[in-house]
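Visitor: Could you have a look at this structure, given as structure tokens, before my questions?
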Amino acid sequence: MNSHEVISDEALLQAVASQQPGALDELYRRYGGAILGFLLARLDDPGQAEEVLQDVILAVWRHAASFRGESKVLTWLLSIARNHATNIQRKRRVPVVPLVDELDAALNETGPLEKVIRRSEQGAVRVALRRLPPRHREVLVLVFYHQLSESEVARVLDIPPGTVKSRLHRGKEQLRRVLLQGEV
Amino acid sequence: MHARWQEMLPYYLNGTLPPADRLALEDHLAGCPACRHELEEWALIGGVVREEMRGWVGAPPAIAPETRAQIALAIPASANGRHSGAGYPYPRPQAQPAPRRRLHIPLTLAATLAVAAAVVLLLGIWLGGRDTLPPTPTLAQGGVLPVTPEALATRMPPSATPWAVVTATPVHDLGILATEVVPVTPTPSATTTPRRPPPMWTPPTITQTPVMPTPTAVFGHLIGFGYDLVTTTQVGPIPAGERVRISHAYFTGAAWIYGIVTYDNTTTAEASADQLRIDRFSTPTAVFDRALRQGTWLQTLELVGDIPAGTPVRIGSALYDGSRWVYTVYTEAGLDATAYEWQLAPIPTATPLPVTPTMTFSGLIGGPYRFTLRASVGPITPQDFVRLVQARYDAGAGEWVYSVVTQDGRGAEVPLHLLVYPPPSATPAPSLTATPTATPTPSAQP
Chain A
24 MNSHEVISDE
34 ALLQAVASQQ
44 PGALDELYRR
54 YGGAILGFLL
64 ARLDDPGQAE
74 EVLQDVILAV
84 WRHAASFRGE
94 SKVLTWLLSI
104 ARNHATNIQR
114 KRRVPVVPLV
124 DELDAALNET
134 GPLEKVIRRS
144 EQGAVRVALR
154 RLPPRHREVL
164 VLVFYHQLSE
174 SEVARVLDIP
184 PGTVKSRLHR
194 GKEQLRRVLL
204 QGEV
Chain B
55 MHARWQEMLP
65 YYLNGTLPPA
75 DRLALEDHLA
85 GCPACRHELE
95 EWALIGGVVR
105 EEMRGWVGAP
115 PAIAPETRAQ
125 IALAIPASAN
135 GRHSGAGYPY
145 PRPQAQPAPR
155 RRLHIPLTLA
165 ATLAVAAAVV
175 LLLGIWLGGR
185 DTLPPTPTLA
195 QGGVLPVTPE
205 ALATRMPPSA
215 TPWAVVTATP
225 VHDLGILATE
235 VVPVTPTPSA
245 TTTPRRPPPM
255 WTPPTITQTP
265 VMPTPTAVFG
275 HLIGFGYDLV
285 TTTQVGPIPA
295 GERVRISHAY
305 FTGAAWIYGI
315 VTYDNTTTAE
325 ASADQLRIDR
335 FSTPTAVFDR
345 ALRQGTWLQT
355 LELVGDIPAG
365 TPVRIGSALY
375 DGSRWVYTVY
385 TEAGLDATAY
395 EWQLAPIPTA
405 TPLPVTPTMT
415 FSGLIGGPYR
425 FTLRASVGPI
435 TPQDFVRLVQ
445 ARYDAGAGEW
455 VYSVVTQDGR
465 GAEVPLHLLV
475 YPPPSATPAP
485 SLTATPTATP
495 TPSAQP
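Going line by line, the protein sequences match chains A and B. Mapping to our numbering: the first sequence position 24 is 47, numbers consecutive. Mapping to our numbering: the second sequence position 100 is 154, numbers consecutive.
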């Protein structure tokens with residue numbers, strides 16, 4: 024191994040693949056929070072998210088050797104997380120109540136978003152984000168929290184770039200509306 | 055129309071827009087109030103998302119003991135010949151056209167001034183005519199954050215969780231530890247796993263989990279490093295006097311608990327420090343050390359990675375992982391794979407050769423930042439503390455060569471004769487998990 028690659032994510036993943044002590048821990052230190060953040064955004068259930076996180080760690084350890092450096096390590100990790108999250112969603116299908124969609128027709132109020140955010144108490148903002156449907160929330164999270172490009176978001180979620188665009192737009196509009204609703 | 059420009063705005067803010075698009079967008083923004091307004095809204099949303107996600111995620115939980123136990127017992131796909139993702143269920147992302155910088159300031163100076171002035175002006179008009187609440191952190195972060203270097207530098211801060219158990223005790227204390235370990239903690243049940251506290255999701259005001267100072271794990275330096283421990287009493291299903299290794303450790307808030315695995319890898323339990331004693335078990339010499347030293351060709355006995363059975367291979371490096379030697383092997387055609395001893399055999403015609411000396415610091419690969427160098431090597435000076443990451447035997451020089459890394463990420467390959475392991479009186483290097491603000495923590499070690 025080239026010594027200068029020692030600290031790169033790619034080299035770290037190679038070290039995980041060859042079972043070097045501490046490598047998985049270091050990878051987890053770098054990306055555990057990012058993976059958990061994605062799972063929280065997608066699953067909307069902290070207990071389940073933490074459970075899936077453990078599955079993802081195990082999968083990463085088992086399959087680290089299959090990483091070929093064709094994407095960023097973060098994108099690869101999040102793809103694995105998405106797969107595991109999808110599996111668990113299939114197993115435990117919970118009816119999703121599209122709260123925000125129902126509000127779409129009722130709320131046509133528009134106004135400066137900044138004012139809305141200023142007025143909302145700390146909790147209201149969090150509630151607003153929570154009330155977004157996961158498919159819209161996760162796109163916002165991947166763009167602004169994980170800071171992925173459009174094509175990377177598309178890869179992680181396995182959806183076409185056009186769908187990323189529309190979900191991002193819908194997410195923004197819905198956040199605006201939920202925040203307005205939160206004032207009431 | 056504006057649609058194309060407006061689609062770019064989120065990626066402009068997160069710094070992933072290609073440079074050509076970025077410059078074009080900045081030109082457009084300079085003359086388009088509508089898009090500037092849209093940009094501002096996105097900036098606010100981005101700030102909210104980042105801030106709220108940080109609060110939600112908080113400090114991610116440690117890798118669960120159950121997961122560590124599975125990791126300790128499982129063999130990865132690469133070691134079984136299921137290499138290179140052939141049977142891997144996850145879609146592999148497409149190749150990326152070109153690497154790009156992750157962190158850049160997405161505005162030229164002129165454009166920064168123009169846009170920032172516009173944003174400030176707009177905000178001023180906006181706020182001036184409305185209620186005069188003091189600016190909240192949300193507004194400040196959301197509105198201005200994306201165009202400042204500080205803001206860009208805040209992406210995905212590393213977790214501050216002290217779950218890593220590499221706060222190792224220096225190995226030079228081994229002899230003392232072996233005879234003077236005083237149990238300071240009550241004996242936990244060997245079979246029950248303490249539950250993690252429920253994760254925070256709903257409480258709206260808490261954004262950071264307070265982190266308790268954690269005492270150093272007495273056996274922290276031995277985690278994953280071989281069967282250097284013996285049980286002093288019956289621990290769950292494991293009888294007294296059994297040789298074990300530590301698979302993982304965690305701190306319950308009152309005591310360190312060690313996950314232990316028997317030598318035959320079949321039985322696991324959880325033990326407290328007083329249920330274990332150190333009994334050094336030296337790293338066995340690798341069976342193929344001679345091949346490593348002399349460049350002798352071996353052959354594969356079965357499919358290893360992409361390398362078929364019966365292929366002549368050379369050993370590139372060998373690593374003792376605590377229970378077995380793992381070799382990186384290469385074929386003449388340039389294929390490489392990770393192989394265990396039982397997957398390789400000498401080619402019958404090869405001449406027996408002298409044995410390579412056992413690696414000096416085999417137990418400290420992946421250990422703490424306690425080594426220094428006798429002379430500068432590459433970017434690393436004798437003032438830096440480094441840890442060992444990997445080792446290979448340099449047959450030409452007849453010496454082990456270690457890949458080392460500093461805490462801030464500088465790496466180099468250093469031959470054994472340039473490595474210094476500090477004497478007991480040396481000032482300890484900063485621990486991997488220490489935070490600058492942390493108060494000195496009591497050690498479990500007397």
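Idealized CB from N, CA, C, for every residue including glycine. Just so you know, these numbers come straight off a predicted model, no measurement behind them.
1. Is it the case that the Cβ atoms of residue 353/B and residue 401/B are separated by a distance below 8 Å?
2. With a threshold of 16 other CB atoms inside 10 Å of the CB of residue 221/B, please say whether the residue is buried or exposed.
3. What residues of chain A sit near residue 104/B, judged by a beta carbon separation below 7 Å?
4. Shorter than 8 Å from the beta carbon of residue 185/A to some beta carbon of chain B?
5. Would you mind reading off the limits of the beta strand (DSSP E) that contains residue 465/B?
6. Along chain A, which residues have their Cβ under 9 Å away from the Cβ of residue 46/B?
7. Please name the residue in 87/A, 76/A, 95/A and 198/A whose C-alpha comes closest to that of residue 43/A.
8. Distance, Cα to Cα, residue 51/A vs residue 57/A?
9. Counting only beta-carbon separations shorter than 8 Å, does residue 61/B have a partner in chain A?
10. Helix, strand or coil for residue 31/A? Go by DSSP, reduced to three states.
11. With a Cβ-Cβ cutoff of 8 Å, do residue 389/B and residue 355/B count as a contact?
12. Along chain B, in chain order, which residues have C-beta atoms closer than 9 Å to that of residue 195/A?
13. Please list, in chain order, all residues of the same chain as residue 68/B whose beta carbon is under 6 Å from its beta carbon, the five residues on each side excluded.
14. Can you list, in chain order, the stretches of the beta strand (DSSP E) that have 3 or more residues and sit fully within the stretch 78-105 of chain A?
15. Is residue 351/B helix, strand or coil when you go by DSSP?
16. Within this structure, are the beta carbons of residue 316/B and residue 292/B separated by less than 8 Å?
17. Give me the Cα-Cα distance between residue 85/B and residue 78/B, rounded to the nearest whole angstrom.
18. From the DSSP secondary-structure annotation, give me the bridge partner or partners of residue 366/B.
19. Where does residue 117/A sit, in a helix, a strand or coil, going by DSSP?
20. Indicate whether residue 5/B and residue 470/B have their beta-carbon atoms separated by less than 8 Å.
21. Beta carbon of residue 64/A, beta carbon of residue 161/A: below 8 Å?
22. Report the rounded CA-to-CA distance for residue 461/B versus residue 114/B, giving the unit in angstroms.
23. Against chain B, does residue 77/A count as a neighbour if the rule is that its beta carbon must be under 8 Å from one of theirs?
24. Do residue 179/A and residue 101/A have their beta-carbon atoms positioned less than 8 Å apart in this structure?
25. What are the boundary residues of the alpha helix (DSSP H) that includes residue 93/B?
26. If you count every other CB in all the chains shown that lies within 10 Å of the CB of residue 190/A, and 16 or more means buried, which is it?
27. Across which residues does DSSP place residue 161/A in a beta bridge pair?
28. Output the boundary residues of the beta strand (DSSP E) element that contains residue 455/B.
29. Identify the contact partners of residue 198/A in chain B, using a Cβ-Cβ distance below 9 Å as the criterion.
30. Please go through the same chain and pick out, in chain order, the residues whose beta-carbon is closer than 7 Å to the beta-carbon of residue 35/A, but skip the five residues on each side of it.
31. Is the Cβ of residue 69/B closer than 8 Å to any Cβ of chain A?
32. When you compare each of 101/B, 325/B and 305/B to residue 299/B by their alpha carbons, which one comes out closest?
33. By DSSP, does residue 299/B sit in helix, in strand, or in coil?
34. In chain B, what lies closer than 7 Å to residue 164/A by C-beta?
35. Quick check: is the beta carbon of residue 140/A nearer than 8 Å to any beta carbon in chain B?
36. Which of helix, strand or coil does DSSP assign to residue 448/B?
Guide: To lay it out plainly:
1. Contact: yes.
2. Per-residue confidence for residue 221/B stands at a pLDDT of 29, beneath the threshold of 50, marking its modelled position as unreliable; the derived number appears in the next sentence. It counts as buried.
3. 167 and 168
4. no
5. 465-469
6. Residue 46/B falls outside the range modelled here, since chain B spans only 55 to 500, and no answer is possible.
7. Answer by Cα proximity: 87/A.
8. CA-CA distance, residue 51/A to residue 57/A, rounds to 9 Å.
9. Chain A has a Cβ within less than 8 Å of the Cβ of residue 61/B.
10. coil
11. no
12. 64, 95, 96 and 99
13. none
14. none
15. coil
16. yes
17. Going by C-alpha positions, residue 85/B is about 12 Å away from residue 78/B.
18. For residue 366/B, which the question treats as bridged, DSSP gives the partners 353/B.
19. Summary for residue 117/A: the model assigns pLDDT 48, below 50, so the residue's position carries little reliability; its value from the coordinates is reported in the next sentence. Residue 117/A: coil per DSSP, three-state reduction.
20. For residue 5/B there is no data in the structure shown, the boundaries of chain B being 55 and 500.
21. Result yes, Cβ atoms of residue 64/A and residue 161/A sit closer than 8 Å.
22. 22 Å
23. yes
24. yes
25. 87-111
26. buried
27. Residue 161/A pairs with nothing; no bridge assigned.
28. In this chain, the beta strand (DSSP E) harbouring residue 455/B covers 453-460.
29. Chain B residues near residue 198/A: 99, 102 and 103.
30. 46, 49 and 50
31. yes
32. 325/B
33. Taken through DSSP and simplified to helix, strand or coil, residue 299/B comes out as strand.
34. 103 and 107
35. Only weak support exists for where residue 140/A lies, its pLDDT of 47 falling under 50; the value from the coordinates is given anyway. Closer than 8 Å: yes.
36. Residue state, collapsed to three classes: strand.
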